[in-house]
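2 protein chains.
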Amino acid sequence: MQAEFHLHSESATPEGAPGTHRPGGRTARNREAVLDAALATLAEVGYADTCVQDIATRAGVAPSTIYRRWGNRDGIILDLALTLVAEPVAALPDTGDLETDLAALAHAIVEVMQSPRIGLVQSILFAAAVQTPTARQTLNTIITRRVEDTKGIAERAVARGELPADTDPARVINTLAAPIYHRWFITGETPDTDDLTRFAKVATLAARHGLLS
Amino acid sequence: MQAEFHLHSESATPEGAPGTHRPGGRTARNREAVLDAALATLAEVGYADTCVQDIATRAGVAPSTIYRRWGNRDGIILDLALTLVAEPVAALPDTGDLETDLAALAHAIVEVMQSPRIGLVQSILFAAAVQTPTARQTLNTIITRRVEDTKGIAERAVARGELPADTDPARVINTLAAPIYHRWFITGETPDTDDLTRFAKVATLAARHGLLS
């Protein structure tokens, strides 16, 4: 099971082979080991109890290596979260129809939340953000990144003339995402296909009526 | 500051006066003391670290009294949450217009989340629910209760013929509430009046178009 928490399944690259001592190679391996250890530690003990010492021990590096590179615990978690968010989840849907694109995006958002890596980190940050400003900041950074990465769907609908010119693309994405997160985090349910279709219809209707400008 | 965590500001009622020993009176005072202590402990240490022993010490009652009445820690928190939810927040808006009623409800939801009592308990349960099934269950119970208490707004709009007959009133309320919770818990922002007006417009539009049936 531990394997699914690894950042890179291809970690046994030639660069990582015994006897290789290029500094760049070791730095990259250390970074990977630390992020893997941070993910595993978060999964095991949660945000509040994750500390640099435990991550260092698990990664097999000196704590000083971590402090030098990441500053502190939250520096590692931000790097981990941004690394995971940077992974391509799925190609951005582009069917030529806003509602269809948004329904596909809704499914992709649920897939991300079900993933044992970014979904896990997101949930942990989400719970921690209620009481911890640094966790809130990290969560905001990754959510903002996700919205930036996906708002092209709404921008293209504006360019096609499907939506009013003054539509705020980020607002369209948030209108789709809000009920998904509401289901996931508040009522603890996984939205089904009917729900996701409905959320896409509501966001499309609101955008077409100029409510999201 | 401690005072704002008290369940009842009128706790110094004649019933609670020195020398009064009616059993019903003591039971009621004990319950109030335990719920006050639970609220203060939750506020201080969070859900995970709240335990019966600390609540008992703070309330000045024996732990056995707590176990006998509430079973365990989560029994107390559920009682606390339901007691707070049972308090009337504000009269249900009834202006004869769905959008106006929903905008007023949106403001009331934000007020509840800003309250130092139910807002606090809700936030704590919310964070805990990500990892703890019992906290999830308690959160669901209070959210469901809130939806039940407010769905009359949508039911009246159906009765007036403002919404299709097959509208799901709970779905109308959830469509309004989802973006409020999204703002509050995901991006950590307090929605402003413009946001709340927009959320009410989107929910009204979606309901009128039969998307929430």
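Those protein sequence lines, which keep their order, are chains A and B. With my numbering applied, the first sequence has no gaps in its numbers, which climb one by one up to 257 at the end. With my numbering applied, the second sequence has no gaps in its numbers, which climb one by one up to 257 at the end. All C-beta atoms in this analysis are idealised placements derived from N, C-alpha and C, irrespective of residue type, glycine included. Just so you know, these numbers come straight off a predicted model, no measurement behind them.
Item                                                                                                                                                                     : Value
Taking only beta carbons into account, state which residues of the region 131-151 of chain B come closer than 8 Å to chain A, listed in chain order.                     : none
For N116/B, count neighbouring C-beta atoms within 10 Å of its own C-beta (all shown protein chains included) and say buried if the count is 16 or more, exposed if not. : exposed
Going straight from the alpha carbon of I121/B to that of T182/B, what length do you get?                                                                                : 8 Å
Taking the Cβ atom as the reference point for each residue, do R252/B and L220/B lie within a distance shorter than 8 Å?                                                 : no
In angstroms, rounded to a whole number, what distance separates the CA positions of D80/B and N74/B?                                                                    : 10 Å
Do the region 208-216 of chain A and the region 187-200 of chain A meet, that is, are 3 or more Cβ pairs less than 8 Å apart?                                            : yes
Grab me the residues of T178/A's own chain with a C-beta within less than 8 Å of its C-beta, minus the 5 sequence neighbours each way, in chain order.                   : D118
Is L220/B close to chain A, meaning its C-beta is less than 8 Å from at least one C-beta of that chain?                                                                  : no
Would you kindly work out how many angstroms separate the C-alpha atoms of T85/B and D98/B, rounded to a whole number?                                                   : 7 Å
For R190/A, which option in L136/A, E76/A, S108/A, V89/A has the closest C-alpha, if you only look at C-alpha atoms?                                                     : L136/A
Among the candidates F229/B, R200/B, E233/B, whose CA atom is the shortest distance from the CA of I217/B?                                                               : R200/B
So, Y91/A versus L149/A, is the Cβ gap smaller than 8 Å?                                                                                                                 : no
Give me the Cα-Cα distance between L249/B and A250/A, rounded to the nearest whole angstrom.                                                                             : 7 Å
Does F195/B get closer than 8 Å to chain A when you measure Cβ to Cβ?                                                                                                    : It should be pointed out that residue 195/B corresponds to Lys in this sequence rather than to Phe. Not one chain A Cβ lies under 8 Å of K195/B.
What is the DSSP secondary structure of R73/B, counted as helix, strand or coil?                                                                                         : helix
Which residues bound the alpha helix (DSSP H) around R102/A?                                                                                                             : 96-103
So A87/B contacts chain A; which residues on that side make the cut at Cβ distance below 8 Å?                                                                            : Near A87/B there are no residues of chain A at all, since even the closest Cβ is about 11 Å away, more than 8 Å.
Using a Cβ-Cβ cutoff of less than 8 Å, which residues in the same chain neighbour R227/B once the five nearest sequence positions on both sides are dropped?             : E233, T234, P235, D239
Name the residues in the region 240-251 of chain A whose C-beta lies less than 7 Å from a C-beta of chain B; which are they?                                             : R242, K245, V246, L249, A250
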